[in-house]
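Residues in the sequence shown are numbered from 1 upward in steps of one, following my numbering.
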Amino acid sequence: MTILIPVLGDQLSPTLASLCDVDQANAVVLMMEVWDEATYVRHHKKKIALIFSAMRHFADELRADGWTVDYVTLDADGNTHSFTGEVRRAVERHAPESIRVVAGGEYRVRQQQDEWADRTGLPVEILEDDRFVCPLPDFYTWAQGRREFRMEHFYRDMRRRTGLLMTPAGKPVGDQWNFDHDNRGTPPRGLNYPAPARFAPDQTTRGVLDLVAKRFAGHFGDLEPFGLPVTRAQALEALDQFVTTALPDFGRYQDAMIAGQDYLYHSSLSSSINLGLLDPIEVCAAAVAAYEKGDAPLNSVEGFVRQIIGWREYMRGMYWWDMPKFAGRNALKAKRPLPDFYWTGETEMRCLAQSVDQTRREAYAHHIQRLMVLGNFAMLAGVDPQAISDWFLVVYFDAYEWVEMPNVIGMSQFADGGMIASKPYAGSGAYIDRMSDYCGRCRYDVKQKTGPDACPFNALYWDFLARHEKRFAGNARMRNMYATWRRFSPERQAEYRASAAAFLDTLEPAGKGWARED
Ligand code: FAD
Ligand code: DLZ
Ligand code: SF4
């Protein structure tokens with residue numbers, strides 16, 4: 001009774017549901033490098049190398065554990081380029097009686113899995129992905145009938161469900177659910193910033209780097225140097241290093257941005273968590289253990305745990321709750337093409353140039369760079385949400401549609417009309433200046449409001465509010481901003497709008513073919 005177990009590229013967990021309670025002797029694990037997945041958007045070179053290298057290492061580990069693994073490399077003879085084609089070929093090779101697979105993380109992949117029974121003539125068991133804290137049916141129960149969704153309410157349920165940072169009496173540790181107000185610090189100059197753990201490529205990774213250099217030369221981003229964790233052992237080492245060196249200050253400096261400091265106190269563990277190398281609960285437990293030993297303060301640990309069992313789970317739930325409609329949402333009717341500098345980094349706006357450059361080198365930018373620089377600019381400029389969503393999906397090493405899309409379409413662009421966030425994350429130059437050291441050496445003056453030398457974020461911010469006054473003026477959280485706008489004289493308002501229009505006119509649209517094949 002042979003059973004075929006396809007394991008997808010982001011399912012690299014030894015405890016994966018499809019690998020549990022199976023007789024190894026009668027099972028074949030199928031892993032596939034497929035062209036369609038590497039090119040449906042033209043992912044950053046480093047991201048493809050990360051996924052292929054982690055897949056190859058995971059296959060070796062399964063073999064060492066006694067599994068039979070059929071691993072199809074990208075350039076294997078006869079590779080059909082698609083999951084479904086490879087599953088059919090594997091059925092011909094192994095003549096299994098059934099197929100067992102964990103549900104794909106992305107809507108597109110899940111639709112393909114639904115066709116496998118018809119396409120192979122075999123029974124296909126699709127298992128719930130239990131590597132998340134909140135099973136999807138529970139999320140739907142939570143969401144059903146709510147007039148509005150708020151992460152904070154959901155997060156409290158997740159704290160109760162996991163028991164993380166809860167007292168035996170069922171109260172939040174520290175008598176507060178959320179310590180975000182302590183998390184707005186700017187690091188003093190000259191700190192010794194911690195660096196995340198990085199690893200020299202071994203022979204397997206070298207092979208993948210050669211393959212990616214050859215086959216994906218035209219994709220965005222630098223392939224080397226490459227040092228991301230590609231095995232569970234490396235990911236555990238990176239977790240340990242983060243907890244010891246960066247977690248204590250994670251909370252305080254969570255929103256800060258410093259030129260040349262790519263990671264600051266962030267963990268960069270999203271690549272490992274999203275691949276399945278680390279379990280989200282074990283990551284949170286390591287942070288909570290540091291708090292309990294007195295090695296990290298509560299504001300840092302609570303903030304970190306909230307990102308994982310709060311935001312990460314909430315985003316996944318919202319994606320599945322609203323797909324496929326979510327992908328096409330455009331509540332603000334934005335239609336500007338993506339500016340070219342998102343790919344080239346060629347802009348005199350230093351905050352954007354720095355963030356794009358770092359993204360090109362590392363396939364990484366931290367949350368505030370993504371939200372308040374790269375995302376904020378696109379929303380203020382009225383960029384088509386699908387175009388900016390494609391960009392985010394291409395460029396980050398942790399980007400899979402289930403987490404990228406709600407963060408971009410929802411949180412950063414407000415294209416979902418407020419399902420995910422209660423107000424748009426819009427900020428002027430003053431916000432970026434407060435949270436970063438970018439402005440000091442920028443060609444634009446952050447203090448000037450209009451004119452050719454003024455920071456473009458300033459006029460764009462007011463222009464955005466003016467464009468969407470009807471929608472947002474009644475929003476209690478935006479009332480003060482609209483009160484300020486209305487206090488400006490009509491001439492001043494016109495100056496802001498003209499300054500924004502003049503700047504928008506200078507934007508070059510991106511060349512074709514960066515994100516998707518033409
Ligand atoms: P840390 O700051 O160290 O946070 C710890 C962990 O919390 C992360 O590793 C991640 O697993 C989780 N986390 C934090 N914030 C979020 C969030 N908003 N949603 C989901 N998980 C979160 N995250 C992705 O994993 N993939 C994406 O494609 C992605 N795209 C984003 C796009 C935009 C516009 C924005 C605003 C955010 C996006 N995020 C995405 C969320 C967040 O920015 C990244 O998870 C984070 O920057 C990863 O870096 P880190 O591991 O150093 O995070
Ligand atoms: C992102 C990605 C890439 C680049 N390549 C592969 C691949 O060759 N094989 C694979 O199994 N998965 C890959 N992935 C991840 C998928 O696109 C997709 O996100 C997951 O399969 C969803 O569970
Ligand atoms: Fe960015 Fe404006 Fe600051 Fe320049 S002045 S770095 S454009 S926020």
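Where a beta carbon is used, it is the ideal one built from N, C-alpha and C, also for glycine.
Please classify residue i: is it buried, with 16 or more other beta-carbons within 10 angstroms of its beta-carbon, or exposed?
{"i": "Ala233", "result": "exposed"}
{"i": "Leu127", "result": "exposed"}
{"i": "Asp453", "result": "exposed"}
{"i": "Tyr438", "result": "buried"}
{"i": "His219", "result": "buried"}
{"i": "Thr359", "result": "buried"}
{"i": "Pro137", "result": "exposed"}
{"i": "Thr120", "result": "buried"}
{"i": "Ser436", "result": "buried"}
{"i": "Tyr140", "result": "exposed"}
{"i": "Arg306", "result": "buried"}
{"i": "Ala145", "result": "The sequence shown places Gly at residue 145, not Ala. The residue is exposed, with fewer than 16 neighbouring Cβ atoms inside 10 Å."}
{"i": "Gly163", "result": "exposed"}
{"i": "Ala169", "result": "exposed"}
{"i": "Cys442", "result": "buried"}
{"i": "Thr231", "result": "buried"}
{"i": "Phe205", "result": "According to the sequence shown, residue 205 is Thr rather than Phe. Its Cβ being crowded by 16 or more others within 10 Å, Thr205 is buried."}
{"i": "Arg312", "result": "buried"}
{"i": "Thr347", "result": "buried"}
{"i": "Thr450", "result": "buried"}
{"i": "Cys134", "result": "buried"}
{"i": "His266", "result": "buried"}
{"i": "Gln111", "result": "exposed"}
{"i": "Leu191", "result": "exposed"}
{"i": "Glu152", "result": "exposed"}
{"i": "Gln203", "result": "exposed"}
{"i": "Asn407", "result": "buried"}
{"i": "His43", "result": "buried"}
{"i": "Ser489", "result": "exposed"}
DSSP has residue i in a bridge; who is on the other side?
{"i": "Arg336", "result": "Val383"}
{"i": "Arg100", "result": "Glu125"}
{"i": "Ala27", "result": "Ile3"}
{"i": "Asp534", "result": "The requested residue 534 does not occur in the structure, where the chain is confined to residues 1 to 518."}
{"i": "Pro509", "result": "Pro339"}
{"i": "Met257", "result": "Ser436"}
My guess is that residue i and residue j are in contact by the Cβ rule of under 8 Å, so how many angstroms apart are they, rounded?
{"i": "Ala381", "j": "Leu507", "result": "7 Å"}
{"i": "Ser98", "j": "Val34", "result": "Contact flag wrong, Cβ pair sits at about 22 Å."}
{"i": "Asn274", "j": "Asp398", "result": "5 Å"}
{"i": "Ala510", "j": "Pro337", "result": "6 Å"}
{"i": "Thr39", "j": "Glu517", "result": "7 Å"}
{"i": "Tyr226", "j": "Pro201", "result": "Residue identity check: residue 226 is Phe in the sequence provided, not Tyr. Yes, they are in contact, since the Cβ atoms of Phe226 and Pro201 sit about 6 Å apart, within 8 Å."}
{"i": "Tyr291", "j": "Val301", "result": "4 Å"}
{"i": "Asp129", "j": "Val102", "result": "5 Å"}
{"i": "Phe58", "j": "Leu12", "result": "4 Å"}
{"i": "Phe149", "j": "Met405", "result": "At roughly 15 Å, the Cβ-Cβ gap does not stay under 8 Å, so Phe149 and Met405 are not in contact."}
{"i": "Val91", "j": "Leu122", "result": "7 Å"}
{"i": "Arg434", "j": "Pro385", "result": "Incorrect: roughly 27 Å between the Cβ atoms, too far for contact."}
{"i": "Ser355", "j": "Ala363", "result": "Between Ala363 and Ser355 the Cβ distance is about 13 Å, and since that is not below 8 Å, they are no contact."}
{"i": "Asp21", "j": "Arg131", "result": "Asp21 to Arg131, Cβ: 16 Å. No contact."}
{"i": "Val288", "j": "Lys45", "result": "Not confirmed; about 36 Å, so no contact."}
Taking 7 Å as the cut-off, does the CB of residue i come closer than this to any heavy atom belonging to the ligand ZN?
{"i": "Ile258", "result": "Because the ligand ZN does not appear in the structure shown, any question about it cannot be addressed here, the ligands present being the ligand FAD, the ligand DLZ and the ligand SF4."}
Margin query: Runs of 4 residues minimum, wholly inside the segment 24-77: which ones carry the alpha helix (DSSP H) assignment?
Written below: 35-39 and 45-64
Checklist line | Whole alpha helix (DSSP H) elements within the segment 157-218, 4-residue minimum | finding: 203-215
Item checked: Neighbouring residues (CB closer than 6 Å to any heavy atom of the ligand FAD) -> His266, Ser267, Ser268, Leu269, Ser270, Ile273, Asn274, Phe304, Gln307, Ile308, Trp311, Arg312, Met315, His366, His367, Arg370, Leu371, Gly375, Phe392, Tyr396, Asp398, Ala399, Val403, Glu404, Asn407, Val408, Met411 and Ser412
Check: What are the complete alpha helix (DSSP H) segments, minimum 4 residues, inside the segment 348-432?
Finding: 350-362, 376-381, 385-395 and 401-405
Margin query: Tell me which residues pass a beta-carbon proximity test against the ligand DLZ: closer than 6 Å to any heavy atom, given in chain order.
Written below: Leu8, Gly9, Asp10, Met32, Glu33, Val34, Glu37, Ala38, His43, Ile48, Ile51, Gly104, Gly105, Glu106, Val109 and Tyr400
Checklist line | 4 or more residues per run - each alpha helix (DSSP H) lying fully within the segment 219-279 | finding: 232-245, 247-250 and 270-275
Checklist line | Heavy atoms of the ligand SF4 versus C-beta positions, residues under 7 Å | finding: Met349, Arg350, Cys351, Leu352, Gly429, Ile432, Asp433, Tyr438, Cys439, Cys442, Tyr444, Asp445, Val446, Cys455, Pro456 and Phe457
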